[in-house]
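A.B. asks: For reference, the structure I am asking about is given below.
Protein chains: 4
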Amino acid sequence: MGRQRTKPAPTPPTTTRGRRTRDALILAGREVLEQQGWSAFSPEAVAQAAGVSYGTFYTYFESRDDLLHHVVRSVAGEMLASSLASPDVVDDPYAKLVESNRRYLRAWDRASKVLRLVDQGAAADEALRQIVLEIREFYVGRATKGLKRLQDAGLANPDLDTRLTALALGSMVEQVAHARSSMEEPFDEDMIVDHLSRLWASAIGLRGAPDEAWAARADASGGTASADADGN
Amino acid sequence: MGRQRTKPAPTPPTTTRGRRTRDALILAGREVLEQQGWSAFSPEAVAQAAGVSYGTFYTYFESRDDLLHHVVRSVAGEMLASSLASPDVVDDPYAKLVESNRRYLRAWDRASKVLRLVDQGAAADEALRQIVLEIREFYVGRATKGLKRLQDAGLANPDLDTRLTALALGSMVEQVAHARSSMEEPFDEDMIVDHLSRLWASAIGLRGAPDEAWAARADASGGTASADADGN
Amino acid sequence: MGRQRTKPAPTPPTTTRGRRTRDALILAGREVLEQQGWSAFSPEAVAQAAGVSYGTFYTYFESRDDLLHHVVRSVAGEMLASSLASPDVVDDPYAKLVESNRRYLRAWDRASKVLRLVDQGAAADEALRQIVLEIREFYVGRATKGLKRLQDAGLANPDLDTRLTALALGSMVEQVAHARSSMEEPFDEDMIVDHLSRLWASAIGLRGAPDEAWAARADASGGTASADADGN
Amino acid sequence: MGRQRTKPAPTPPTTTRGRRTRDALILAGREVLEQQGWSAFSPEAVAQAAGVSYGTFYTYFESRDDLLHHVVRSVAGEMLASSLASPDVVDDPYAKLVESNRRYLRAWDRASKVLRLVDQGAAADEALRQIVLEIREFYVGRATKGLKRLQDAGLANPDLDTRLTALALGSMVEQVAHARSSMEEPFDEDMIVDHLSRLWASAIGLRGAPDEAWAARADASGGTASADADGN
DNA sequence: GATGAATGAGGATTCATTCAT
DNA sequence: GATGAATGAATCCTCATTCAT
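Protein chains in written order, with full-length UniProt numbering: chain A, 1 to 232; chain B, 1 to 232; chain C, 1 to 232; chain D, 1 to 232.
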């Protein structure tokens, strides 16, 4: 029971001004992280981006890592929120898939920079990595259940493992969202969403999907495969 | 007439021993990066991991970044090599797809740690990021051509944009390879390769693929879609 | 069993040069502490006093506190060593007392600055405070046993509690040693040792001590005490 | 005619409430210093301990050092006051000695933490160190005069230097008072006062002191010293 | 070549003090 | 007066790089 010399955790601001400064720091932290990356994420840079002196940083955050936690929670929360806030009125499975992919794509687009940084840079911080895993789990779990329901309704290929399929197709969307920003591909959002949805639907053999016609014509084709499936 | 006081660029080692030390440093650098991440990637840690003294590091490399370049080139080279060194004797498109996916999965499995780290950590270093892009381009380009050939042969859905499809499906494999190590999913390699290949094949509507039977039965199903495509 | 990101404890120097630098830093640390006090005891100041750059400080010590530990152990070790290295040939108790007091006085004179600083300044560091207590215990314990032997031999007042008496008289010597440096008293060492020894001897009623004559004449004095024992 | 831009020296509080806040800050400062030491003695910690906001601190004190001065003066004043406020009705020198020691012990017990802290921590602040010296001087001077009077009255050993003796015995009491709190000795106040007084009395050969009988029997003892005066 | 000690710019953090409300 | 947010000089520490042996 030795007296602990703990640094007093910064108290939440009591005044409006304080709250505004604090929020500005979290926002600035996110922007620095997204735009300048890990190495630029210093208290000084963040404070400057927020327009306050770096001493002020420590009025609100215990450390650089403390701010990182707040930034990640903010990004994660926003991402999950944008998924939950779905009207979801349509009844058509394919239309729902399109809508879902569009939201996922957008959400990852905003969040991917920060979340991937965390996925690797904050190797030592298990708590943060956990947040990233939870987000993935949220989406994969939901897609898994969705696929199960489709299979049960006879609307999707019942031979596929629901979880692994959901993981793979979710991975596709996630990685495309990420690649969009680093590659300079010319595809616009609509085109991407369209393709992702069609690929997803065909992959699980969704009944009523756009490319079903091609697939259904399969038996008519008597030709033997003669070209490469892959160019290697 | 002042002589330039340039740092003597480390000469390539002339002796066998020198080459061995140099290779040990590159290998150690890769392992440190893979296992301990960015923050542990210091000349000191790498030298220690290679079993040489700190000073020796600078006998072979100009700087920390110099080593990083060598590590990345080593990883990238190995990855491309493993793809090119394929006998490729089979003629069946699906079998080729399976083989290709297996190799891609394995290659990314090994390389993904380093390449993703580079993708973000070395934001400032254009040369490095270029290497990562080139690797992706290599695979996406190849898959694009493969898909084109299949479409031309009437073996794949011709309505899909070849490049975007290749990008999306390649992304799927890449991201699953990455997720395997961070998530603790119970799937073994064979199962993953099997699913990825089937999903890929169904997605492009490959003739002769395992799940074609399900897809072909589509017209028989008169049912209206009534379940969610996705659980959101 | 999460991987600990522990700072590698600086390895002991392997070369002569390294050992010399390290020793110079410990010595400089002690001098800074003695001459400029707590607030000047910074890695930078110590490094400068030792004639090296402040980066070198961290080649040998983990932190400011790490150096402090070394300094204190060095001071404490030296103090105990100077006490143990005693020829101790005399047989006369009073002569032994004088010799003992002289050594104690000298030892504290050198050590008191550092040890008192630790006694208070390093409030949080229990390990350091323990060292100070051990030193006191060493002296008090020894004096306690010495007094017991004298009492048993009929050479000292048997009514005194040995431990409390040893503590009190040891305290006297310790505090006088300290006061010497802060006050500008004109007393030289011989005079101080002489008085401390006589006071100590008289206090315990040591037979054969210099002031015994006065005490023995007590019964001759029939006068009633009429003056103050203390001026308050 | 530029107006001097001096910091407005905090005015002594005019209102009752103001005085109370100010006193609370001084008291809190003392408590923080005594219980948590130098490193915790910050305006923020003191303000918090006093139950006021950080900013208020500077309403009453120019600086941290300003408060320290007030705290030290408060402690010193209280210590001196407790000595002066002595009825001092007894006539017996030994009884007076006991009473004096009891008061000194108690006073140092309370004051020693702060005064020792000042003795070292405020090495640069001559004014503060002066206060500590003055307190010692007050006690030593008084004891010196008391001893002189006893010697003149033939009640104490005339061979002792009055000042050095007073310093030594005063040091004994002071250091025992300090050691009481840091060591976990089981001695209660009465026992300590009793021993200190008897040691003090015997040391100066005070006529009529409790242990005089032992001392007076000295001539009867013909034995030669044969045991150690000290265990070293 | 190899070694490991030395260097110091740079980054994180603290905290006494000032200032706007 | 009281409040608590804002400030930035000062300090501890890290680590890529250089250098003497």
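Heads up, the beta-carbon is just placed ideally off N, CA and C, and yes, glycines get one too.
This structure is a prediction, so every number in the text was calculated from the model and none was measured.
Look at the alpha carbon of A/G29 and the alpha carbon of A/G55, and state the distance between them as a whole number of angstroms.
C.D. replies: Mapped onto the first sequence, residue 29 of chain A falls at position 29. Mapped onto the first sequence, residue 55 of chain A falls at position 55. In a straight line, the C-alpha of A/G29 is about 15 angstroms away from that of A/G55.
A.B. asks: Helix, strand or coil for A/L105, going by three-state DSSP, please let me know.
C.D. replies: For this step, residue 105 of chain A is matched to residue 105 along the first sequence. DSSP places A/L105 in helix when its eight states are reduced to three.
A.B. asks: B/A111: which of B/S74, B/R64 and B/E99 sits nearest, CA to CA?
C.D. replies: Translated into the one-based positions of the second sequence, residue 111 of chain B becomes position 111. B/A111 has its Cα closest to that of B/S74, out of B/S74, B/R64 and B/E99.
A.B. asks: Between the stretch 166-183 of chain B and the stretch 104-119 of chain B, can you find at least three pairs of beta-carbon atoms closer than 8 angstroms?
C.D. replies: Touching, per the Cβ criterion.
A.B. asks: Show which residues of chain D have a CB atom less than 8 angstroms away from the CB atom of C/L105.
C.D. replies: Counting from 1 along the third sequence, the entry for residue 105 of chain C is found at position 105. What C/L105 touches in chain D: nothing, since even the nearest Cβ is about 11 angstroms away.
A.B. asks: Does C/S53 pass the burial test, meaning 16 or more other C-beta atoms within 10 Å, or should it be called exposed?
C.D. replies: By one-based count along the third sequence, residue 53 of chain C stands at place 53. The residue is exposed, with fewer than 16 neighbouring Cβ atoms inside 10 Å.
A.B. asks: Any C-beta of chain A sitting closer than 9 angstroms to the C-beta of B/I204?
C.D. replies: Start at 1 with the first residue of the second sequence, and residue 204 of chain B comes out as number 204. Cβ-Cβ to chain A under 9 angstroms: yes for B/I204.
A.B. asks: Just how far apart, CA to CA, sit A/D119 and A/F57?
C.D. replies: Here residue 119 of chain A is taken as the residue at index 119 of the first sequence, counted from 1. Here residue 57 of chain A is taken as the residue at index 57 of the first sequence, counted from 1. Computed Cα separation, rounded: 25 angstroms.
A.B. asks: In three-state DSSP terms, what is A/E99?
C.D. replies: For the purposes of this step, residue 99 of chain A is taken as residue 99 along the first sequence, with counting starting at 1. Helix.
A.B. asks: Alpha carbons only, please: which of A/R149, A/R116 and A/K148 is nearest the one belonging to A/R133?
C.D. replies: Position 133 of the first sequence, counted from the first residue, corresponds to residue 133 of chain A. Before going on, a small fix: residue 133 of chain A reads as Leu here, not Arg. Comparing Cα-Cα distances from A/L133 to each of A/R149, A/R116 and A/K148, the minimum goes to A/R116.
A.B. asks: Under the assumption that A/I26 contacts A/V71 (Cβ atoms under 8 angstroms), give the Cβ distance between them as a whole number of angstroms.
C.D. replies: To locate residue 26 of chain A, count along the first sequence from 1; it is residue 26. To locate residue 71 of chain A, count along the first sequence from 1; it is residue 71. About 6 angstroms; that satisfies the 8 angstroms criterion.
A.B. asks: Smallest Cα separation from C/D125: which of C/D66, C/A216 and C/S202?
C.D. replies: Residue 125 of chain C sits at position 125 when you count from the first residue of the third sequence. Per the Cα distances, C/D66.
A.B. asks: Give a yes or no on contact between the stretch 130-144 of chain A and the stretch 159-172 of chain B, applying the rule of three or more CB pairs nearer than 8 angstroms.
C.D. replies: Not touching, per the Cβ criterion.
A.B. asks: In the DSSP assignment, find the alpha helix (DSSP H) that holds B/R149 and state where it starts and stops.
C.D. replies: Indexing the second sequence from 1 puts residue 149 of chain B at position 149. Here the alpha helix (DSSP H) through B/R149 covers E126 to D152.
A.B. asks: Using a 10 Å radius around the Cβ and a threshold of 16 neighbouring Cβ atoms, would you call D/T21 buried or exposed?
C.D. replies: Numbered from 1 along the fourth sequence, position 21 holds the residue referred to as residue 21 of chain D. Label assigned to D/T21: buried.
A.B. asks: Of all Cβ atoms in chain A, is any one closer than 9 angstroms to the Cβ of B/P10?
C.D. replies: As a working note, residue 10 of chain B is residue 10 in the second sequence. It does not; no Cβ of chain A falls within 9 angstroms.
A.B. asks: In the structure shown, what three-state DSSP assignment does A/M183 receive?
C.D. replies: The residue labelled residue 183 of chain A in the question sits at position 183 within the first sequence. In this structure, A/M183 counts as coil in the three-state DSSP scheme.
A.B. asks: When the cut-off is 9 angstroms and only beta carbons count, does A/P43 lie next to chain B?
C.D. replies: Position 43 of the first sequence, counted from the start, is the residue given in the question as residue 43 of chain A. So no, A/P43 is outside the interface.
A.B. asks: Are any of the Cβ atoms in chain D nearer than 9 angstroms to that of C/W38?
C.D. replies: Here the question's residue 38 of chain C lines up with position 38 in the third sequence. Taking Cβ atoms only, chain D reaches closer than 9 angstroms to C/W38, which makes this a yes.
A.B. asks: Please check the pair C/A76 and D/G205, which I expect to be a contact at CB under 8 angstroms, by giving their CB distance rounded to whole angstroms.
C.D. replies: Position 76 of the third sequence, counted from the start, is the residue given in the question as residue 76 of chain C. Position 205 of the fourth sequence, counted from the start, is the residue given in the question as residue 205 of chain D. Actually they do not touch by this definition, with Cβ atoms about 37 angstroms apart.
A.B. asks: At a Cβ threshold of 9 angstroms, is D/M172 touching chain C?
C.D. replies: Residue mapping note: residue 172 of chain D aligns to position 172 of the fourth sequence, counting from 1. Chain C contact via Cβ: present.
A.B. asks: Quick check on the burial criterion: 16 or more other C-beta atoms within 10 angstroms. Buried or exposed for C/T162?
C.D. replies: To locate residue 162 of chain C, count along the third sequence from 1; it is residue 162. Answer is buried; the Cβ neighbour count reaches 16.
A.B. asks: Cβ atoms of C/W38 and D/G121: under 9 angstroms apart, would you say?
C.D. replies: Taking the first residue of the fourth sequence as position 1, residue 121 of chain D is located at position 121. Taking the first residue of the third sequence as position 1, residue 38 of chain C is located at position 38. Yes. Within cutoff.
A.B. asks: So, using beta-carbon positions, are D/P93 and D/G208 closer together than 9 angstroms?
C.D. replies: Translated into the one-based positions of the fourth sequence, residue 93 of chain D becomes position 93. Translated into the one-based positions of the fourth sequence, residue 208 of chain D becomes position 208. Yes, they are a contact pair.
A.B. asks: By Cβ distance, which residues of its chain are closer than 8 angstroms to A/S82, with the 5 residues on each side in sequence left out?
C.D. replies: As a working note, residue 82 of chain A is residue 82 in the first sequence. Answer for A/S82: R103, R106 and A107, listed in chain order.
A.B. asks: Helix, strand or coil: how does DSSP classify D/R19 here?
C.D. replies: Indexing the fourth sequence from 1 puts residue 19 of chain D at position 19. It is helical.
A.B. asks: Compare the beta carbon distance of C/H195 and D/L160 with 9 angstroms and say whether it is the shorter of the two.
C.D. replies: Reading the third sequence from its first residue, position 195 is the one you call residue 195 of chain C. Reading the fourth sequence from its first residue, position 160 is the one you call residue 160 of chain D. A contact, by the Cβ cut-off of 9 angstroms.
A.B. asks: With a Cβ-Cβ cutoff of 9 angstroms, do C/P10 and C/F41 count as a contact?
C.D. replies: The sequence position of residue 10 of chain C within the third sequence is 10, counting from 1. The sequence position of residue 41 of chain C within the third sequence is 41, counting from 1. Not a contact, by the Cβ cut-off of 9 angstroms.
A.B. asks: Under the rule that 16 or more other beta-carbon atoms within 10 Å means buried, what is A/P43, buried or exposed?
C.D. replies: Position 43 of the first sequence holds residue 43 of chain A. It is buried - the Cβ of A/P43 has at least 16 other Cβ atoms within 10 Å.
A.B. asks: Taking all protein chains shown into account, do 16 or more other C-beta atoms lie within 10 angstroms of the C-beta of D/S184, making it buried, or fewer, making it exposed?
C.D. replies: The count along the fourth sequence starts at 1 and reaches residue 184 of chain D at position 184. Sequence check: residue 184 of chain D is Glu here, not Ser. By the 10 Å Cβ count, D/E184 comes out exposed.
A.B. asks: Could you give the DSSP three-state label for residue 250 of chain A: helix, strand or coil?
C.D. replies: Since the first and last residues shown for chain A are 1 and 232, residue 250 of chain A lies out of range.
A.B. asks: Give me the subset of the stretch 188-200 of chain C whose CB atoms are less than 8 angstroms from a CB atom of chain D, sorted by chain position.
C.D. replies: Listed by position along the chain: M191, I192, H195, L196, R198, L199 and W200.
A.B. asks: I want to verify the contact list: residues of chain C whose CB lies under 8 angstroms from the CB of D/G18, in sequence order.
C.D. replies: Taking the first residue of the fourth sequence as position 1, residue 18 of chain D is located at position 18. Here the premise fails: no neighbours, minimum Cβ distance about 32 angstroms.
A.B. asks: Helix, strand or coil for A/T14, going by three-state DSSP, please let me know.
C.D. replies: Reading the first sequence from its first residue, position 14 is the one you call residue 14 of chain A. A/T14 falls in the coil class under three-state DSSP.
A.B. asks: Following the continuous alpha helix (DSSP H) through A/S202, name the residue where it begins and the one where it ends.
C.D. replies: As a position in the first sequence, residue 202 of chain A is number 202, starting the count at 1. Unbroken alpha helix (DSSP H) run through A/S202: E189 to I204.
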